[in-house]
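So the number in this note's numbering is just where the residue sits in the sequence shown, counting from 1, plus 470.
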Amino acid sequence: MAAIDLSGFADKFRADADPWATFSNADEALKRRAILRALGPGPWGRVLELGAGNGSNSAALADRALRLDATEGTWEGTTLVAKALDGRSRTRASVLAVPGRFPRSTYDALVVAELLYYLSPRAMAATARDVAAALRPGGRLVLAHHRIDYYDFAQHADGIHGRFLTDTRTGWRTAGGYRTGRWIVSAWIRA
């Protein structure tokens, strides 16, 4: 596997506003519904979305949040996220390459979709610790990732959620999830 970096993602977003067809693909729509089910009906207070991509999940998450911080590692992607959130109050799209400082110190819910396997194990571990520090006790963490490897991953997809949770160095209790042959969505409550 030859991992894609932020400049590679920037190139993808410059070439195509929806390089993975996340706005139009039926399987992506099913995954988005699974993410929303895992998050629960809300409304949640402060919600952080890491790796928002082009914002295809962001607008739906905004409907469940009193405040949504949707972050993306590239300026090109962040511009697309802001466009997806256009006209929605109490939302903010910002550039954040993880690991890095989150926009707020505390969140009630956190969503990480299609991001973790693009990080090196070291960067993922640091991001996991940041997530654990920012998510309030009783807060909800939603993870959504492929179960199969792609050529541009930095690490294998199999078991990525378990590795991430272990890296947080905190306790979790499961809050359900959904899986297909291609992807898994899991929800966790911080102890």
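Think of the CB as a built atom: it goes at the ideal place given N, C-alpha and C, for glycine as much as any other residue. Since this is a predicted model, take the numbers as computed values, not measurements.
- Annotation: Ala491 to Phe479 spans about 15 Å, alpha carbon to alpha carbon.
- The segment 492–510 and the segment 557–573 do not touch, with fewer than three beta-carbon pairs separated by less than 8 Å.
- The three-state secondary structure of Asp533, taken from DSSP, is coil.
- Residue pairing by DSSP places Val517 opposite Leu538 and Ala579 in a beta bridge.
- Between the C-alpha atoms of Ser477 and Arg484 there is a straight-line separation of about 10 Å.
- C-alpha of Gly515 to C-alpha of Trp658: approximately 17 Å in a straight line.
- When DSSP reads this structure, Arg610 sits in a beta bridge with Ala579 and Ile659.
- By a beta-carbon distance limit of 8 Å, Leu509 does not contact Arg639. Their separation comes to about 23 Å.
- Excluding residues up to 5 positions away in sequence, Trp658, Ile659 and Ala661 lie with their Cβ nearer than 8 Å to the Cβ of Arg643 in the same chain.
- Under DSSP, Leu506 takes part in no beta bridge, so it has no partner.
- Residues Val568, Pro569 and Leu589 of the same chain have their beta carbon placed closer than 7 Å to that of Thr597, with the five preceding and five following residues left out of the count.
- By the 16-neighbour rule on beta-carbons within 10 angstroms, Thr650 is exposed.
- When secondary structure is reduced to three states using DSSP, Ala645 falls in the strand class.
- Judged by DSSP in its simplified three-state form, Ala487 adopts coil rather than helix or strand.
- Between Leu555 and Ala583, the C-beta gap is not smaller than 8 Å, which leaves the two residues out of contact.
- For Thr636, the enclosing alpha helix (DSSP H) starts and ends at Ile630 to Thr638.
- Around the C-beta of Tyr587, 16 or more other C-beta atoms lie within 10 Å, and the residue is accordingly described as buried.
- Listed as beta-bridge partners of Ile654 by DSSP are His615 and Arg649.
- About 13 Å separates the beta carbons of Asn527 and Arg558, which is beyond the 8 Å limit, so they are not a contact pair.
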